[in-house]
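Last residue of the sequence shown? That's 460 in the working numbering, and every number before it is there in order. Glycine included, C-beta positions come from ideal geometry on N, C-alpha and C. Quick caveat: nothing in here was measured; it's all calculated off a predicted structure.
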Amino acid sequence: MSQDHTPDHTHDHSSCCGGGDHHHHGHMHHEGSEGRADLSGPAESPITVEVTRGSLVESVHRARACIVDAGGHVLARWGDIDAPVYPRSAIKSLQAIPLVESGALDAFGLGDEELALACSSHNGEARHTELVRSWAERVGLRLDDYECGAQVPYDPATAEDLVRRGAAPTAFHNNCSGKHSGFLTTAKHKGERLKGYVRYEHPVQQRILGVMEQMTGQDLFGAPWGVDGCSIPTIGIPLGAIAYAMARIADPVDLPDARSEAVTRIAAAWGRHPFLIGGTGTFDTALMEAAGGAVLVKGGAEGVGCAVIPEQGIGIALKIEDGAARAREVALAALIRTTQALSEAQWARVPHLLTTPLLNRTGTRVGEVRPATGWPAA
C-alpha cells in the first residue's frame, strides 16, 4: 500500500462555504504570508496518522481536513471536504452563541466560566460539576431538567471517588452538562418550555440550527441529522463549512455586530479557561494551556476536531475516517503546528501531543502514535 504525499498547490477558493458574504476584506490571511508555513496539501484523502510498535507501522488512520480563512477561502485541503460530517461536540462554541445573543447569559449574571463550560466536553471533575450545580441553582434549574443523561466521569480519580462513596453519577457529571446548562438557561430566559429542549423541533434546537446555517454559510434544511450521545440533534455539515465557521470566530469582521460581539466573548472565555473545556489529562486543555490563548481547540466524538487561530483569522476542521480519538489528537496537533501559531518552545512543553507514546501494561514505551511520514505536507 502506498500513498502520494506530493503537495497539490492548486487551492479551491470557492467551494467549501456556499454563497453569501464571503467577500475579501483587510483581515484575510493567505497562504505563504509572512510568518506562515506553506499549508498546501495533497488533494486526495491521505493516511494522516500511523501507529508503530517496534520497527513496524502496525496501523494507520486516514482523514479529511482543511484550513479555511474568514473570507471562505480554502488555504489547504486533504480529501473530500464537501461531503457532510456530523461535527458532534467539536462545535459547542457555535451552539453557545444563542446563550449570549439572547441576553440570557447576562440576565442571570453568568460570566466567562459558565460560558467556557457551555463550550466544553469536561471530565466531570469537582470543579466542573460544582460549577454546573451552582449555575443550575442561579437559574432555578433542577437536576431533573437536564435531559443529557447521567454519565460516569471521564476522570478516573473522580469516578473512583464516586464508587468509594457509593454515590451514583448524575447528569451534572455528563461531559455535556455545561452545554445543556446553556440550552436550559436560554429557554428559561425566553419563557420556553424546558421539557423536550433536546428535540429537533424545540425552539432551542431550531434557534441553534439557524445560527449554524448562518455561521457555516449552508442551507441545512433537509440536511442529514442524527441524535448525539447527549440526546441533542447533530447535523451533517460539510467539513469545509465547519472550518469556515471556526474562521469566523477567529475573525468575525463580516458578522453583524451582535453576532460579532457574541463570538468574541465566546472565544475569550474559551481561551481563558482551558481547564473547564476538558480537564486533567485532556488534549484540549493541555494544548490550550501551552498555547496561552494563541489557539482554541475542541474535539468531538468519532474523530472530529476543530481549531480557531485568532491571530491569523483561520479555522481548522478535521474528520478521522475511522473515528479514532488517538488519531484525531495527533492529526489536529500536526495541522496546528503547520500554522506556526505556537513556538517550538511551546510545543516542547507538550511533546506527547505531537507524538503520543504507546505504552504496554508495565508502562514501557513500545511504540508511538505519530503523523504519517510526509503529512501534512509543508
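Nearest to residue i (by Cα), restricted to the options the options
i, options, result
"K270", "F254, A186, I319, A325", "A186"
"H434", "L414, A423, T444, T252", "L414"
"A198", "A373, K174, A218, I149", "K174"
"V131", "E403, L157, L441", "E403"
"P235", "A305, T421, L378, A208", "A208"
"V293", "L213, A178, V377", "A178"
"P356", "D336, G381, A340", "G381"
"Q288", "P315, P458, G375, V386", "P315"
"A389", "L138, G405, F365, R408", "F365"
"A329", "P128, W307, I359, V377", "V377"
"S202", "R410, G361, A459, P458", "G361"
"M297", "G397, P251, V379, L358", "G397"
"T134", "T437, P458, W457", "T437"
"I331", "S141, D151, H155", "D151"
"P73", "R447, T446, P439", "Residue 73 lies beyond the stretch modelled for the chain, which goes from 83 to 460, so this question has no answer here."
"G363", "A327, A249, E411", "E411"
"E140", "V386, V448, A459", "V448"
"A250", "A383, H210, G231, D339", "G231"
"L358", "E212, I149, A165", "E212"
"A399", "G153, A172, G405", "A172"
"G222", "T268, C258, R144", "T268"
Three-state class that DSSP yields for residue i in the structure shown
i, result
"A459", "coil"
"S216", "helix"
"D237", "coil"
"L441", "strand"
"E196", "helix"
"T420", "helix"
"E132", "strand"
"H434", "helix"
"D222", "The question names Asp, but residue 222 in the sequence shown is Gly. Note: G222 maps to coil in three-state DSSP."
"V379", "strand"
"E229", "coil"
"I149", "strand"
"H210", "helix"
"I163", "coil"
"P453", "strand"
"E140", "strand"
"A186", "helix"
"H104", "Because the pLDDT at H104 is just 33, under 50, the model does not fix this residue reliably, and the value given afterwards should be weighed accordingly. Looking at H104 - three-state DSSP - the assignment turns out to be coil, as it is neither helix nor strand."
"G363", "coil"
"G387", "strand"
"G397", "strand"
"A178", "coil"
"A158", "strand"
8 Å contact criterion, which residue i and residue j should meet: CB distance rounded
i, j, result
"V167", "L321", "5 Å"
"A200", "G264", "4 Å"
"R215", "F254", "6 Å"
"G161", "R146", "4 Å"
"N205", "D237", "4 Å"
"A305", "I324", "Not quite, the Cβ-Cβ distance comes to about 12 Å (not below 8 Å), so this is no contact."
"Y282", "W307", "7 Å"
"A459", "L424", "The pair is not a contact, with the Cβ atoms about 19 Å apart (cut-off 8 Å)."
"V156", "C148", "6 Å"
Cβ pair count under 8 Å reaching 3, the segment 237 to 253 against the segment 266 to 286: Contact fails: fewer than three Cβ-Cβ distances are below 8 Å.
Every unbroken beta strand (DSSP E) inside the segment 261 to 349 [3 residues or more]: 307 to 309, 315 to 317
Any 3 or more C-beta pairs closer than 8 Å across the segment 385 to 395 and the segment 181 to 199: no
Contact the segment 358 to 378 vs the segment 408 to 428: 3+ CB pairs below 8 Å: By the Cβ rule, the segment 358 to 378 counts as touching the segment 408 to 428, because three or more pairs are nearer than 8 Å.
Three-pair Cβ contact test at 8 Å for the segment 301 to 314 versus the segment 341 to 352: no
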